[in-house]
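What the sequence shown shows, in numbering that gives the first Met the number 0, is residues 0 to 146, in sequence order. Even glycine gets a Cβ: it sits at the ideal position worked out from N, Cα and C.
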Amino acid sequence: MKYLTISLLFLCGASATAQDGTLEAAVGPGRNRIARINNATFPLPVTLADLTVEKRHSGNLLKWTTTSEFNNSLFKVEKSSDGREFQYLGEVPSRAFNGISSGILYYTFEDPDPLPGPNYYRLVQYDLDGRFQYSLIRPSLREPVNP
């Protein structure tokens, strides 16, 4: 989860600050605190618009699109045969300049060695500060090769 630092100063002399999960509001010349909320979250997620898996002769091609990114570092790609236990396949760095983008960005990753039968894929998006979030899981079925 990402946090945004916000400071507001109102004409009446009141102010509010949100930082690192804490929201405080103060009023008056001495800025006497009138409210404090701990563990307030102000998420600014990477918006993942699409994640697909295409079967190719050479393997499975993962394609995804983001419509906005804030503080994004990279995407790790994980695979599973059962949809529960995932293993690291590789990673793709953010295409956003300094991890920030308000436009559409396109990404791809090829799994050259898909498992026979079901393959489940997910992304793990990492922020520049090390926080992460998981994408939805996408399945792909490869027919087993008979000897």
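Here the alpha carbons of asparagine 71 and leucine 114 stand approximately 30 angstroms from one another.
Glycine 89 is bridged by DSSP to Val76.
The stretch 99 to 107 makes contact with the stretch 60 to 68; the number of CB pairs closer than 8 angstroms reaches 3 or more. About 12 angstroms separates the CB atoms of serine 139 and arginine 121; that is not less than 8 angstroms, and the two are not in contact. Between glutamate 109 and glutamine 124, the alpha-carbon positions lie close to 17 angstroms from each other. Looking at the DSSP output, glycine 98 bridges to nothing.
In this chain, the beta strand (DSSP E) harbouring aspartate 49 covers 46 to 55. Note: leucine 104 is bridge-paired with Thr65 in the DSSP secondary-structure output. The C-alpha of aspartate 126 is placed about 8 angstroms away from the C-alpha of glycine 98. Around the C-beta of alanine 95, 16 or more other C-beta atoms lie within 10 Å, and the residue is accordingly described as buried. With respect to proline 92, leucine 61 sits apart: the two C-beta atoms are not nearer than 7 angstroms. Around the C-beta of serine 57, fewer than 16 other C-beta atoms lie within 10 Å, and the residue is accordingly described as exposed. For leucine 60, the secondary structure class from DSSP, reduced to helix, strand or coil, is strand. Bounds of the beta strand (DSSP E) holding aspartate 126 are 116 to 126.
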